[in-house]
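Numbering of the sequence shown is given in my numbering, commencing with residue 183 and proceeding in unit increments. What follows is one structure encoded as structure tokens, with my remarks underneath.
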Amino acid sequence: MPTIMEKNALKHEFRAPTQIIEKELELRKEELEKVVVAPHLPLTVSNVPLLGTWVNCDHATRSLVRVVIAASGNEITVHTFGACSPNPCDWGAVPGRIYADSVCTTPGVAFTATYHQGFVETLMVGRLFEGALFIETFEHFIDNSGRADYYSLNIMNK
């Protein structure tokens, strides 16, 4: 059987009365409702590192001869010239999308662009690496010519 001291010790547990806890929760809820969360503005990826005229390192290429990347607001325009004779083929200029290395950096290090030339669709992917621009193209023929879709890699310098 518990002694009087033990009975008193049991009565004095360190609990707050229910109404105090409920009042505290209500106050906290009111404080949280007053907090205004500012929306996060997306970082703008800088197109500057990609801008310029890029020329294929392989002067005998049968692929891309020259790519001109120009600013178009915060994005880019990609103007491509392919290997044709006697003059390079003008593929035209298309909008491009630029990419950074991570979600919290802003220098542009890569881009994509898509060309639709009637007989072929080309996905172009470019990536800066040690001062050079590596451009990969993925060609998908849509003219029922029987030609195989193919991939090419071009290394470009300014």
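From the three backbone atoms N, C-alpha and C, an ideal C-beta is built for every residue, glycine too.
Practice item. Mind checking who glutamate 257 pairs with in its DSSP beta bridge? Key: Looking at the DSSP output, glutamate 257 bridges to Ser254.
Practice item. Express the C-alpha separation of alanine 292 and threonine 304 in angstroms, rounding to a whole number. Key: Cα to Cα, the separation comes out at about 17 Å.
Review point. How is glutamate 303 classed by DSSP in three states: helix, strand or coil?
Key: Reduced to three states, the DSSP call for glutamate 303 is strand.
Review point. By how many angstroms is the C-alpha of valine 250 removed from the C-alpha of tyrosine 281?
Key: One Cα belongs to tyrosine 281, the other to valine 250, and the distance between them is close to 17 Å.
Point to revise | Length of the line joining the Cα atoms of proline 268 and cysteine 286 | key: When rounded, the distance between both Cα atoms is 46 Å.
Check your understanding: With a CB to CB cut of under 7 Å and the five nearest residues on each side skipped, what residues in its chain are close to phenylalanine 323?
Key -> Excluding positions up to five away in sequence, the list reads Phe301, Val302, Arg329, Asp331.
Point to revise | DSSP beta-bridge partners of alanine 275 | key: Alanine 275 pairs with His261.
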